[in-house]
Amino acid sequence: MRLRRFFPPAGVWMVLALSAVLAACPPPARANSVFSIGGLGEPTLEENARIRALGGAGAAEHGPGGFSLVNPASIAEARYLSLEATMLTARRSVSSRDLGSESAYESSFPAIRLVVRLPGGTVLGGSYLAGTNAEFQVDRAESAGTASFLHIEGTGGINFARVTLARRLTGQLRAGVDYEVVSGSYREEWRRSFSNPTLAQARDTLEVDWDRLGRWRFGLQYARERFALGASYETGRRLPTTYHQRTDGAEVTTTGHTLEIPDGYAAGFSVALWSRGRVVGQYRRQRWNDQSLESDLVDFRALERYSVGFERVAGNEGGLLATLPLRVGATFLKWPDLLPRAGAADVFGGVAPVDEWAVSIGTGVLTHDRGGAFDVSLEGGRRGNQDELGARETFFRATLSLRISDETWK
Amino acid sequence: MRLTRIVLATLVLPALITLSGCSNRADRIVGNKRLIRGPGGLGTTVSVVNVVNRDTYVAPATANFGPALLVGQSGPFEALSLFSVSSWKLPDETRAGFVPVAVHFVLPQRVILGAAGSLSAELSLTAAPWNSSVTWPGPALGASLGSTNYNFIGQLRVNLGPNGYTEIQQWAADTLLAPGFALVRTSSGNVGSFQAGAAVFRIFYHYTGPDSTETDSVDTHVSLNAYVHSAPSPPQTGTETSLIFGGGFECALALRASVPPIAAGNSVNEVRLILPVAGTPPAGNGAAMPDTVFLDLDILRIRGTWSQGVTDEAGLTTDAVAVSHVTLAPFFLAQGDTALSIPLPRALARELAADTTSNEGILIKIRNLNARPVPTSYRASQTAAESPSFLIGSRESSRPPYLRLSTTSPPPGRF
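Protein chains in written order, with this note's numbering: chain A, 48 to 457; chain B, 10 to 424.
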């Protein structure tokens with residue numbers, strides 16, 4: 048049964064309907080880490096489930112549905128109007144040095160992307176993706192001065208709204224460019240309550256936001272029949288940043304800070320080993336450093352992500368397993384945040400890095416016209432360490448991506 | 010087959026995104042230790058206590074236009090009620106057999122619990138019109154119109170006598186002939202509380218009906234009413250060790266305490282006046298003060314300078330509108346309550362702290378003090394002379410009033 052029988056002309060409405068549903072959904076809880084309580088928050092892998100199953104190696108992905116958010120050139124061969132959304136559900140187990148262990152379930156919505164092929168062969172894309180995730184929640188007693196109890200809700204992080212243009216320059220060469228606006232903010236709601244009924248609850252809002260400024264990303268891909276190379280470079284951007292502290296009847300605003308989103312690059316490859324198998328790899332680096340944001344509570348190093356993956360392409364014959372693609376991957380991530388060591392009050396008491404590794408496996412289905420897809424990936428990994436940071440997280444993530452398309456835009 | 014999967018996924022993905030929003034966050038325990046925000050801590054709550062540095066009590070000298078009208082005398086307290094009529098309503102004198110019978114001044118009482126004895130009162134014309142500026146002892150009186158000995162049962166009625174209807178005809182023709190009316194006590198020892206806005210002049214008359222002589226009446230409602238009362242006796246000097254708060258004299262408290270500076274970004278958790286209760290003034294009938302149930306307070310900001318020697322509320326320059334209206338928790342003397350704890354608006358504390366030169370203190374008044382009794386307000390039992398009243402320790406006493414300000418320093422920032 049061919050999909051095109053059902054989609055045109057209803058496909059356009061289906062895309063719009065899905066967009067409306069997704070937009071109307073209440074914002075879900077974010078897949079936060081216990082290390083999101085300080086610093087910039089958990090770095091988010093913005094890729095779809097297909098690339099996540101390959102360890103996040105997407106720089107050399109190409110083809111009608113090979114969309115990667117790392118390299119703008121990857122959408123150059125898009126043929127239809129496509130909408131792709133990704134949802135991630137995570138289970139975390141946190142082990143602490145002296146507080147035992149606990150588990151948590153969260154979900155997030157790393158990215159959504161709309162791609163449309165324009166007349167003339169240029170492809171236009173728009174996307175919204177999470178850069179970091181700073182959601183957390185803390186409940187703790189406080190004994191400084193009058194005894195009180197604190198409830199803190201942290202939300203926000205760095206997000207990106209992006210416009211992409213890409214096209215195929217030659218038979219083997221593809222190019223793309225992103226312009227993305229750095230959006231988002233860091234927001235914390237502090238509620239301090241007292242056992243003494245005459246003391247009213249103190250409610251404070253802390254917010255860090257910045258001027259919504261943009262930066263560029265340039266991407267190239269060179270693809271032959273059995274291999275492909277891809278690389279992208281993203282420019283840095285200095286963002287004037289404002290700190291707000293609000294409480295009932297008072298607001299303190301501090302300006303003069305800057306958040307410098309650093310430049311960075313990604314480079315990757317894809318090599319076919321045989322007719323149905325290929326290996327992918329990628330290295331990604333963003334040059335965060337101690338000048339990125341002046342703070343006594345966090346220091347920075349370069350973000351680095353190493354990704355490798357293997358994909359067995361779906362076959363046309365055989366049983367169910369043979370007709371499904373199989374993807375496995377691994378990734379190693381160095382968070383840019385250098386957080387105070389366990390027991391320290393700030394970075395002057397020493398800092399420790401957050402390193403994260405994960406392995407992944409995934410599969411998916413593709414529509415006959417190769418425009419629509421449903422992909423899943425399962426990931427497991429670990430981050431942090433008990434000796435330096437006082438806690439270690441083991442996480443399992445399930446990612447679902449859905450791409451629907453309308454081939455009437457051919 | 011594939012179409013089914015896609016459609017299914019189209020439905021499942023948004024649903025999962027929505028449904029998986031709930032999470033069991035782990036950070037509540039482990040995250041507490043990772044909440045590292047510098048050596049300054051996470052904010053500290055402190056309380057500062059300042060004893061008032063100026064205090065007195067003041068009584069209003071002007072008329073009370075509230076929901077109650079008081080008439081009578083009890084101890085040093087005395088009150089009379091004033092009325093005026095803007096237009097009169099006369100019966101239809103053309104009706105067959107019309108004969109005026111009587112004219113009564115009728116004044117419903119408020120529900121009085123425990124009232125005893127009687128109240129003798131006289132209704133008189135006032136010699137001149139009165140208005141909102143009238144003060145004790147009220148306008149000069151004109152001719153007496155009638156009197157009554159009221160035993161607190163039913164409505165108070167004054168019969169204007171055989172000339173009543175003729176007088177009303179004259180007043181209707183020329184309202185200047187009746188510039189106002191006063192209901193004045195002629196006996197001692199009791200105070201009546203009556204319903205404001207309910208007094209009428211009722212004209213009874215006969216007329217010839219279809220079968221016999223019928224009786225009917227026409228009411229003329231008073232257009233304005235109020236009462237004035239005497240000043241506290243002995244008058245306050247400003248150096249008393251006790252401040253009278255409330256009571257029949259409607260005493261309000263004028264208090265000033267320094268408000269310490271509030272650092273930028275600090276939360277104000279509490280700003281509260283603590284008024285130590287030293288006892289109750291003696292009631293007119295000598296009764297001890299029973300428990301107070303609820304107390305509605307109006308808090309007005311004083312704008313002009315004042316001294317402790319001020320006795321009249323008019324001597325204070327206050328805002329026209331209360332900065333706060335609070336209902337206090339029940340105060341039970343018998344259960345060991347020792348102070349009135351009055352929360353003040355936190356915004357007011359910020360204002361006074363930001364500009365100490367503007368701090369002239371506040372005036373605290375009990376709302377509708379004499380508009381009793383409402384079953385849920387003020388007293389479990391009372392007599393007509395009683396109003397909720399307290400003796401508050403002054404700054405000259407060993408238990409002075411004080412202001413308590415609690416603030417919390419702001420939490421440290423994320424970065």
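By construction, the Cβ of each residue, glycine as well, lies at the ideal position given by its N, Cα and C atoms.
Residue-chain proximity (I21 (chain A), chain B), Cβ-Cβ < 7 Å
One cannot answer for residue 21 (chain A) here, as it falls past the ends of chain A, which runs 48 to 457.
With distance defined between alpha-carbon atoms, name the residue in A:S142, A:L101, A:A107 and A:Y152 nearest to R444 (chain A).
The candidate whose alpha carbon is nearest that of R444 (chain A) is A:Y152.
With DSSP run on the structure shown, which of helix, strand or coil describes D434 (chain A)?
helix
Can you check whether the C-beta of P48 (chain B) is within less than 7 Å of a C-beta belonging to chain A?
Answer yes: the Cβ-Cβ gap between P48 (chain B) and chain A drops below 7 Å somewhere.
Please state whether DSSP places T202 (chain A) in a helix, a strand or coil.
For T202 (chain A), the three-state secondary structure derived from DSSP is strand.
What would DSSP say about N73 (chain B), mapped onto helix, strand or coil?
strand
I308 (chain A) versus P111 (chain A): straight-line alpha-carbon distance, rounded:
31 Å
Closest Cβ-Cβ distance between S333 (chain B) and chain A: below 7 Å?
no
What residue range is occupied by the uninterrupted alpha helix (DSSP H) comprising G173 (chain B)?
G173 to A182
Expressed to the nearest angstrom, what Euclidean distance is found between the alpha-carbon atoms of T326 (chain B) and N278 (chain B)?
29 Å
If the criterion is Cβ atoms closer than 7 Å, does the pair S279 (chain A) and E254 (chain A) meet it?
no
What's the call for G411 (chain A), buried or exposed, on a 16-neighbour Cβ count within 10 Å?
buried
Whose C-beta lies closer than 6 Å to the C-beta of A78 (chain A) among residues of the same chain, with five residues either side of it excluded?
Bear in mind that the predicted position of A78 (chain A) carries a pLDDT of just 42, short of 50, making it unreliable; the figure below should be weighed with that in mind. Spatial neighbours of A78 (chain A) in its own chain (CB-CB distance under 6 Å, excluding positions within 5 residues in sequence) are listed in chain order as L135, A137, E153 and S155.
Is R310 (chain B) buried or exposed, if buried means 16 or more other CB atoms sit within 10 Å of its CB?
buried
Exposed or buried, Q292 (chain A), counting other C-beta atoms within 10 Å across all chains shown (16 or more means buried)?
buried
Within 8 Å, do at least three Cβ pairs link the segment 242–258 of chain B to the segment 50–66 of chain B?
yes
CA-CA distance, A106 (chain A) and G396 (chain A)?
39 Å
Who are the near neighbours of G467 (chain A) in its chain, counting only those whose CB is closer than 6 Å to its CB and skipping five residues on each side?
Since the first residue of chain A shown is 48 and the last is 457, residue 467 (chain A) is not available in this structure.
Taking the alpha-carbon positions, what's the R239 (chain A) to V210 (chain A) distance?
42 Å
For N59 (chain B), return the contacting residues in chain A, with the cut-off set at a CB-CB distance below 9 Å.
Simply none; closest approach about 16 Å.
Give me the chain A residues within the contact set of R310 (chain B), using Cβ-Cβ distance strictly less than 8 Å, ordered along the chain.
Within 8 Å Cβ-Cβ: nothing; R310 (chain B) doesn't reach chain A, min ~16 Å.
Which residues share a DSSP beta bridge with T378 (chain A)?
A:S354 and A:A405
Backbone CA spacing between T289 (chain A) and V375 (chain A) [nearest angstrom]
Rounded to the nearest angstrom, the two C-alpha atoms are 43 Å apart.
Are L412 (chain B) and A263 (chain B) closer than 7 Å when you measure CB to CB?
Against a cut-off of 7 Å, the Cβ pair of A263 (chain B) and L412 (chain B) comes out as no contact.
On the three-pair Cβ rule with 8 Å, is the segment 238–249 of chain B touching the segment 358–378 of chain B?
no
Taking A191 (chain A) as the reference, give the member of B:R46, B:V55 and B:A356 with the closest Cα.
B:V55
Taking just the CA atoms, how far does A356 (chain B) sit from P418 (chain B)?
Before going further, note that residue 418 (chain B) is Ser rather than Pro in the sequence given. Cα to Cα, the separation comes out at about 16 Å.
Short-range partners of chain B found in the segment 337–353 of chain A, where Cβ spacing is below 7 Å
L340, S342, D343, L344 and V345
Report yes if the C-beta distance between G328 (chain A) and V299 (chain A) is below 7 Å; otherwise report no.
no
From the DSSP output, read off the bridge partner residues of V115 (chain B).
B:R166 and B:V209
Classification of F341 (chain B) by the beta-carbon crowding that lies within 10 angstroms, buried from 16 upward
exposed
Cβ neighbour criterion (16 or more within 10 Å) applied to T302 (chain A)
Exposed, because fewer than 16 other Cβ atoms sit within 10 Å of the Cβ of T302 (chain A).
Coarse secondary structure for S129 (chain A), derived from DSSP in three states:
strand
Less than 7 Å between C-beta atoms, sequence neighbours within five positions excluded: which residues of the same chain meet that for A111 (chain B)?
Scanning its chain for C-beta atoms nearer than 7 Å, with the 5 sequence neighbours on each side dropped, one finds around A111 (chain B) the residues N168, G173 and F213, in chain order.
For the alpha helix (DSSP H) that R423 (chain B) lies in, which residues bound it at each end?
Counting along the chain, R423 (chain B) falls outside any alpha helix (DSSP H), and DSSP gives it neither H nor E.
Quick one: measure Cβ to Cβ for R281 (chain B) and P352 (chain B), integer angstroms, because I've assumed they're closer than 8 Å.
Sure, about 5 Å apart at Cβ, within 8 Å.
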